[in-house]
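Number of protein chains: 2
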Amino acid sequence: MSEQTQLLTNDTDDALRLDKQVCFALYAASNLLTGLYRPLLAELGLTFPQYLVMLVLWEKSPQSVGSLGQQLYLDSGTLTPLLKRMESAGLVKRQRDASDERRVLVELTEQGDSLRASAHQVANTLASGPLLPMTEAEALRDGARKLIGVLTSEQKAEE
Amino acid sequence: MSEQTQLLTNDTDDALRLDKQVCFALYAASNLLTGLYRPLLAELGLTFPQYLVMLVLWEKSPQSVGSLGQQLYLDSGTLTPLLKRMESAGLVKRQRDASDERRVLVELTEQGDSLRASAHQVANTLASGPLLPMTEAEALRDGARKLIGVLTSEQKAEE
DNA sequence: CTATTTTATATTGCGCGCAATTTAATTTGA
DNA sequence: TCAAATTAAATTGCGCGCAATATAAAATAG
Chain H
17 MSEQTQLLTN
27 DTDDALRLDK
37 QVCFALYAAS
47 NLLTGLYRPL
57 LAELGLTFPQ
67 YLVMLVLWEK
77 SPQSVGSLGQ
87 QLYLDSGTLT
97 PLLKRMESAG
107 LVKRQRDASD
117 ERRVLVELTE
127 QGDSLRASAH
137 QVANTLASGP
147 LLPMTEAEAL
157 RDGARKLIGV
167 LTSEQKAEE
Chain R
17 MSEQTQLLTN
27 DTDDALRLDK
37 QVCFALYAAS
47 NLLTGLYRPL
57 LAELGLTFPQ
67 YLVMLVLWEK
77 SPQSVGSLGQ
87 QLYLDSGTLT
97 PLLKRMESAG
107 LVKRQRDASD
117 ERRVLVELTE
127 QGDSLRASAH
137 QVANTLASGP
147 LLPMTEAEAL
157 RDGARKLIGV
167 LTSEQKAEE
């Protein structure tokens, strides 16, 4: 494939190499893919994680901060400031849940809801020139999902 | 699979469905995997991206900042402060290349080199309870690599 | 040989991502 | 009932990750 796979010394530390292969591949692929979305989402005034929040809210709104965090595997330390920025951008409204004052409900504004059409364009633009053949894209997605499943169930087991 | 695949409205915008998005699966898998490494690497005094730099340097040292960046898909805005932290931790030495004063060569210190043994332990610990069956791990790795290849070659084509 | 352009790294600024802690509301239990 | 435990979100602090810019050295052009 690429040159860096040749940068190997002839020692026996296969464990380090293999380790590098899987974890680095995921890390780099994720960063690069985010970079592909960045200019497209910038036109909508969104960052990539903000886009993920919008995807979740377009499916159901309002939702609590915790609910968003569960679906995206993010905590309030990440979401609270992110949602505040989205609120000042006019995309969402944040308000305490009257029936449980600990919760904060995040709701799409009309502007946030209407952005859905533009986002649809972005998704279609990316899909129109598919990066990977469908079968490979599905294999990658399923592999990543399987890893997510393992990593999140291990967390539960530790409790 | 998981519950969030049920959080779908019955609209026809398949393109926007979170659970079909390769980008979210990669994003979440990468974040979660980094989280798995975090406590293990913390014992070595390393963050995950610092660990990646060490993996590259253990293969060859010294290397320029640009060379590290090419292999890890990171720029000087990320690497310069990261390498400074690694230098103050005593893991690497940074010095201008005498034959080309624009370059900075990053070299493992003795301490940095000796950390390799401990890192080997970390990699073996993770490998001993394999997260995914080997074939699935390889499929995930190969899919990610293929995507990396596409995304980096597209960047070249834009120039 | 000098002016221009290119290359390599550093700096600045902003938005995550998460550990650790804090604040406040709800639940639990003696 | 009311103190202790639990839960939800916010806050603080730090390390990325990258765009934009700055600085300086080397390569190139005329």
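Protein chains in written order, with our numbering: chain H, 17 to 175; chain R, 17 to 175. Glycine residues also receive a C-beta, built at the ideal position from the N, C-alpha and C atoms.
Within 8 Å of any Cβ in chain R, is that where the Cβ of residue i sits?
{"i": "A135 (chain H)", "result": "yes"}
{"i": "T28 (chain H)", "result": "In this prediction, T28 (chain H) scores a pLDDT of 47, lower than 50, which makes its location untrustworthy; the coordinate-derived value is nonetheless stated afterwards. No, no contact with chain R."}
{"i": "E175 (chain H)", "result": "Low confidence applies here, because E175 (chain H) scores a pLDDT of 44, under 50, leaving its location unreliable and the question unanswered by this model."}
{"i": "E59 (chain H)", "result": "no"}
{"i": "E152 (chain H)", "result": "yes"}
The alpha helix (DSSP H) that contains residue i, what's its start and end?
{"i": "Q86 (chain H)", "result": "81-88"}
{"i": "G51 (chain H)", "result": "41-58"}
{"i": "E61 (chain H)", "result": "Inspection of the sequence shows that residue 61 (chain H) is occupied by Gly rather than by Glu. Where G61 (chain H) is concerned, there is no enclosing alpha helix (DSSP H), given that its DSSP letter is neither H nor E."}
{"i": "R33 (chain R)", "result": "No alpha helix (DSSP H) contains R33 (chain R), which DSSP labels as neither H nor E."}
CB-CB under 7 Å to residue i, same chain, minus the five flanking residues each way: which ones, in chain order?
{"i": "G61 (chain R)", "result": "A105"}
{"i": "P78 (chain R)", "result": "L121, V122, E123"}
{"i": "S92 (chain R)", "result": "V81, G85"}
{"i": "L95 (chain H)", "result": "V81, L84, G85"}
May I ask which residues mark the beginning and end of the beta strand (DSSP E) holding residue i?
{"i": "E123 (chain H)", "result": "116-124"}
{"i": "Q111 (chain R)", "result": "108-113"}
To the nearest angstrom, how far is it from the Cα of residue i to the Cα of residue j?
{"i": "L121 (chain R)", "j": "A45 (chain H)", "result": "27 Å"}
{"i": "M102 (chain R)", "j": "C39 (chain H)", "result": "21 Å"}
{"i": "E75 (chain R)", "j": "G128 (chain H)", "result": "49 Å"}
{"i": "L88 (chain R)", "j": "A135 (chain H)", "result": "30 Å"}
{"i": "L148 (chain H)", "j": "K36 (chain H)", "result": "23 Å"}
{"i": "L131 (chain H)", "j": "A153 (chain H)", "result": "26 Å"}
{"i": "E117 (chain R)", "j": "L98 (chain R)", "result": "21 Å"}
{"i": "G159 (chain H)", "j": "G145 (chain R)", "result": "17 Å"}
{"i": "A133 (chain R)", "j": "L52 (chain R)", "result": "20 Å"}
If residue i sits next to residue j, beta carbons under 8 Å apart, how far is it from one beta carbon to the other, in whole angstroms?
{"i": "A143 (chain R)", "j": "A31 (chain H)", "result": "6 Å"}
{"i": "L84 (chain H)", "j": "V72 (chain H)", "result": "6 Å"}
{"i": "L49 (chain H)", "j": "L167 (chain R)", "result": "7 Å"}
{"i": "L163 (chain R)", "j": "L42 (chain H)", "result": "Actually they do not touch by this definition, with Cβ atoms about 10 Å apart."}
{"i": "T202 (chain R)", "j": "K109 (chain R)", "result": "Because chain R is modelled from 17 through 175, residue 202 (chain R) falls outside the range shown and cannot be assessed."}
Do we get a CB-CB distance below 8 Å when we pair residue i with the residues of chain H?
{"i": "A114 (chain R)", "result": "no"}
{"i": "L148 (chain R)", "result": "yes"}
{"i": "T168 (chain R)", "result": "yes"}
{"i": "R157 (chain R)", "result": "yes"}
Ordered along the chain, which non-local residues of its own chain (more than five positions away) have a Cβ less than 6 Å from that of residue i?
{"i": "D113 (chain R)", "result": "R119, L121"}
{"i": "R161 (chain R)", "result": "none"}
For residue i, which residues in the same chain have their Cβ closer than 8 Å to its Cβ, ignoring the five residues on either side in sequence?
{"i": "Q111 (chain H)", "result": "V120, L121, E123"}
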